[in-house]
Amino acid sequence: MNDAFSWLANEFSNDFFSFILSLSLLALYHAYLRYKVSKNPTYTVQAVNILARTVWVEVMMKAGKPDVIPVQTLRNSTMAATFLASTAVLLIMGVLTLSGQSNNLESTWHVLNAYGAKHTQLWLVKLLLLLLDFFVAFFSFSMAVRIYNHVGYMINVPYSLDHKVISPRHVALHLNRGGNYYYIGMRAYYLSVPLVFWLFGPHFMVIATLLLIAVLYRIDRAPKVLADDYRE
Numbered sequence: 636m637n638d639a640f641s642w643l644a645n646e647f648s649n650d651f652f653s654f655i656l657s658l659s660l661l662a663l664y665h666a667y668l669r670y671k672v673s674k675n676p677t678y679t680v681q682a683v684n685i686l687a688r689t690v691w692v693e694v695m696m697k698a699g700k701p702d703v704i705p706v707q708t709l710r711n712s713t714m715a716a717t718f719l720a721s722t723a724v725l726l727i728m729g730v731l732t733l734s735g736q737s738n739n740l741e742s743t744w745h746v747l748n749a750y751g752a753k754h755t756q757l758w759l760v761k762l763l764l765l766l767l768d769f770f771v772a773f774f775s776f777s778m779a780v781r782i783y784n785h786v787g788y789m790i791n792v793p794y795s796l797d798h799k800v801i802s803p804r805h806v807a808l809h810l811n812r813g814g815n816y817y818y819i820g821m822r823a824y825y826l827s828v829p830l831v832f833w834l835f836g837p838h839f840m841v842i843a844t845l846l847l848i849a850v851l852y853r854i855d856r857a858p859k860v861l862a863d864d865y866r867e
């Protein structure tokens, strides 16, 4: 038993360490973003979008804007989430197809794998994690579409009714919940980058994670002018 455990530890140590390191780096990056947002609510683009959606719902429901404006805006968001959910389905089918051809492709993908294990079982585990990641993306975008459809009805309820539940604050919470699902779906897509590079070797996974974090920092950071205006 001890010999088998030692063999597993030695054989898969590089892959296991790279996987844990990549997840830890991504978790630390998102913990850093949450900390910065707690200090400055306009630090990230996502935080600014939450504020914008909240104000937008209040304006749409209180100012008597034409009904076509919120409907068209929500339609655009629904179409984007639908497209990404459909793309996730195609990617799931691609991963399933790839898993059925593992015997033919495994040796080709391992040409650059100088430090990781090359066992078929580990290859299937990698594909399973990639498949799970795309399922998370599909579920998240599907939930975003569902909530956007609900908000389309709620936002057109006349504000003059003074409904206790369908208030601008309540509708904004629903809309931001849909935005959060959309955000999770996009993060799942981003996570697929290091998972795909893991198929080539554990060192490629770590490098891809570092590059991904650098790119995410650029696209997550809100323009500094917003932070300056907020402080004023």
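Using the numbering used here, the first residue of the sequence shown is number 636, and each one after it goes up by one. Built from N, CA and C at the ideal position, the CB exists for glycine as well.
Quick one, are the C-beta atoms of residue i and residue j less than 8 Å apart?
i: residue 825; j: residue 847; result: yes
i: residue 650; j: residue 837; result: yes
i: residue 709; j: residue 792; result: no
i: residue 809; j: residue 782; result: yes
i: residue 712; j: residue 768; result: no
i: residue 794; j: residue 697; result: yes
i: residue 761; j: residue 833; result: yes
i: residue 688; j: residue 807; result: yes
i: residue 685; j: residue 811; result: yes
i: residue 680; j: residue 823; result: no
i: residue 663; j: residue 844; result: no
i: residue 840; j: residue 657; result: yes
Please report how far the alpha carbon of residue i lies from the alpha carbon of residue j, in whole angstroms.
i: residue 790; j: residue 672; result: 28 Å
i: residue 694; j: residue 707; result: 15 Å
i: residue 771; j: residue 703; result: 32 Å
i: residue 652; j: residue 758; result: 16 Å
i: residue 727; j: residue 763; result: 10 Å
i: residue 718; j: residue 725; result: 11 Å
i: residue 715; j: residue 821; result: 11 Å
i: residue 678; j: residue 654; result: 29 Å
i: residue 849; j: residue 732; result: 32 Å
i: residue 788; j: residue 801; result: 10 Å
i: residue 852; j: residue 796; result: 44 Å
i: residue 720; j: residue 774; result: 8 Å
i: residue 722; j: residue 682; result: 26 Å
i: residue 730; j: residue 766; result: 6 Å
i: residue 667; j: residue 855; result: 12 Å
i: residue 638; j: residue 831; result: With a pLDDT of only 46 at residue 638, under the threshold of 50, the placement of this residue in the model should not be trusted, and no figure is reported.
i: residue 735; j: residue 835; result: 18 Å
i: residue 756; j: residue 665; result: 31 Å
i: residue 803; j: residue 705; result: 13 Å
i: residue 859; j: residue 676; result: 12 Å
Is residue i near the ligand COA, with its Cβ less than 7 Å from a heavy atom?
i: residue 776; result: As presented, the structure is devoid of all ligands, the ligand COA included, so that no description of it is given.
Please state whether DSSP places residue i in a helix, a strand or coil.
i: residue 792; result: coil
i: residue 772; result: helix
i: residue 720; result: helix
i: residue 779; result: helix
i: residue 857; result: coil
i: residue 757; result: helix
Give a yes or no on whether the minimum CB-CB distance between residue i and chain D is below 8 Å.
i: residue 715; result: This model lacks chain D altogether, as it is built from one protein chain only.
Problem set entry | Ordered list of alpha helix (DSSP H) runs contained in the region 650-704, each at least 4 residues | As far as the region 650-704 is concerned, its whole alpha helix (DSSP H) runs of at least 4 residues are 680-697.
Exercise. So, do the region 803-820 and the region 773-788 have three or more beta carbon pairs nearer to each other than 8 Å?
Worked result: A contact is defined here as three or more CB-CB pairs under 8 Å, and the region 803-820 meets this definition with respect to the region 773-788.
For this session: Can you check the region 795-855 for any alpha helix (DSSP H) of at least 4 residues that lies completely inside it and give the ranges in chain order?
Result: The region 795-855 contains these whole alpha helix (DSSP H) runs: 803-833 and 837-855.
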